[in-house]
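Whatever position you read off the sequence shown (first residue = 1), add 1 for this note's numbering. Notes for the one structure printed next.
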Amino acid sequence: MRLVTWNVNGIRSISGGFRRIFAELGADLLCIQETKITKDKLTADIANIDGYNSYFAFCHNTKKGYSGVATYCSDKCKPYEAIDHLATRGYELPLGDIEVDDEGRAIITEFLIEKIEPNIPSTSQGLCDGVDKGIKLVVLNVYCPRNDPDNQERFDFKTRFHRLLKARVQQYRFDGYHVIIVGDLNIAHKAIDHCEANMIADFDKHPHRLWINELFNDGYVDCFREFHPEERHAYTVWNTQTGARATNYGTRIDYIIADVELQKMEFFVDCHHMTSVMGSDHCPVIAEIHSNWRIISARELPTLCSKLMPEFRGKQTSIRSFLCMDNSSITTQCKAITETKRKRPLQSSIKTFFSIQGTSSLNGNQRDISSVEVTEMRSSTVDGSETTNASDLIVEWQKTVVPIKRAPENSVFEKMMRKKKIPKCSGHGEPAAERTVKKPGPNFNRRFYACARPQGFATDKNARCNFFQWA
């Protein structure tokens, strides 16, 4: 079996369609983050994939189409419970911070697993009626908040989310579950996991990095590092705006984490990244489950399952009912459209335009065209000290002929129309790319030239050089 986690950066924006990734990934359990979809926008082609049952968590605050996670389970390994939050479970009291559960950042699926011993028949027959058979396993699919260094409120929100996640994990361990945490944690654990770790002051002392250290010290393992402890440049996300994926200049923030006892039971045999899979700024992370283990599929689907939503249980409008619209309503709509069109003023013909009397100015109800300020022609020079006045662009009316006064050769208009000379970067001698400053500050929205190649390590000759020039 195969467990896959992937931040898709918008479930509806995956190139080639969402269904194709199931065949490409071959996942038995697929955990995705950043679905960026609301419940009312969820459609059957996304919710109901043949051979899978799905579970969604939606953002419930004012940020529509934000965050969101979903877990897809093969029909041969149905969970017996699914929960779309961290703070509460069943009838227990909340573990803590309920507010951080409002952004749809977690889906929990509970399973029963069993080890298949050679020459010993299974007593479960691959199906379970309750929790009295098999070993209890829980998979927490999470999308941890991003750390914004310029926003203390979001920094604190991320800290609160970490605290709640750890409390939920500890509760499951106390209840006798083996635990797997998957998803985008938005933390690069060690310097080996970050392309710019040497540029970050006190990298190892960051509070959120200390939190994940505590998690690993409390009996959990990073599955990728268990199988590839020294692999460098093993990243899972890249900046698409700088083309950094082409030079593999990124970070590793997507994880599959398991409790150490589960790892000792040889539940996983490998964990790796599928960097060849496109469609997002992240790549999928895959854990291969040992063939000696299997999930005991539940007989009934949990109530959170998308297939059980009213809109996906045959209650949606059929095409027949759509086509059988009441004739009276159609007639009313057509009549309204006709009346609306009749209220439009008739358009003047070109003959009417040229029948205006040739005078030095238009009639009293119209503005003198010579006094119209042509704002589109205004433009600043490099130092911002020169502008074009409307008086330089006076239009003289002479019957049907409208000659335009020629602007001086050295006017700003001539400078605007003159083709820009694009500089070449100093490192490769190639035409530079024009970019815009987006960071708030005195240079915000100011344009500049930089090397057009993708961002990368300083030692990579194929990466961007340090060329810079203001436009």
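Ideal Cβ positions, reconstructed from N, Cα and C, are used throughout, including at glycine.
Check: Residue interval of the alpha helix (DSSP H) (run including Leu-138); Outcome: Looking at the DSSP string, Leu-138 is not in any alpha helix (DSSP H); the run it does join, the beta strand (DSSP E), is 136-144.
Check: Pairwise C-alpha distance: Ser-307 and Val-286; Outcome: 24 Å
Check: The stretch 223-243 / the stretch 161-176 touching (three or more Cβ pairs under 8 Å); Outcome: no
Check: Element boundaries [alpha helix (DSSP H), containing Thr-160]; Outcome: 153-175
Check: Extent of the continuous beta strand (DSSP E) to which Phe-449 belongs; Outcome: 448-451
Check: Rounded straight-line distance, which links the Cα of Glu-197 to that of Tyr-250; Outcome: 9 Å
Check: Cβ neighbours of Ala-247 in the same chain (closer than 7 Å, five flanking residues each side left out); Outcome: Pro-455
Check: Extent of the continuous alpha helix (DSSP H) run through Cys-306; Outcome: Premise fails: Cys-306 is in no alpha helix (DSSP H) and is neither H nor E.
Check: Minimum C-alpha distance to Asn-240 - residue among Asn-214, Tyr-81, Asp-205, Cys-284; Outcome: Cys-284
Check: Under 8 Å between C-beta atoms of Ile-297 and Ile-114; Outcome: yes
Check: Short Cβ contact (8 Å threshold) for Glu-35 with Tyr-173; Outcome: no
Check: Buried or exposed by the 16-neighbour rule on C-beta atoms within 10 Å, applied to Glu-111; Outcome: buried
Check: The ligand FAD heavy atom lying under 7 Å from the CB of Thr-276; Outcome: Among the ligands in the structure shown, none appear at all, so the ligand FAD cannot be discussed.
Check: Span separating the alpha-carbon of Ile-254 from that of Ile-182; Outcome: 13 Å
Check: Bridge partners - Glu-435, DSSP secondary structure assignment; Outcome: Tyr-450
Check: Bridge partner(s) assigned by DSSP for Ile-108; Outcome: Asn-142
Check: Straight-line gap, Glu-312 to Cys-224 (C-alpha atoms, nearest Å); Outcome: 38 Å
Check: Element boundaries [beta strand (DSSP E), containing Glu-82]; Outcome: 82-84
Check: Beta-carbon gap between Asn-187 and Asn-148 smaller than 8 Å; Outcome: yes
Check: Distance between Arg-448 and Phe-469 (C-alpha atoms, nearest Å); Outcome: 11 Å
Check: Inter-residue spacing [alpha-carbon to alpha-carbon] between Trp-7 and Lys-422; Outcome: 43 Å
Check: Local Cβ density within 10 Å of Glu-104, reported as buried at 16 or more and exposed below that; Outcome: buried
Check: Nearest-angstrom Cα separation, counted from Tyr-73 out to Ala-235; Outcome: 26 Å
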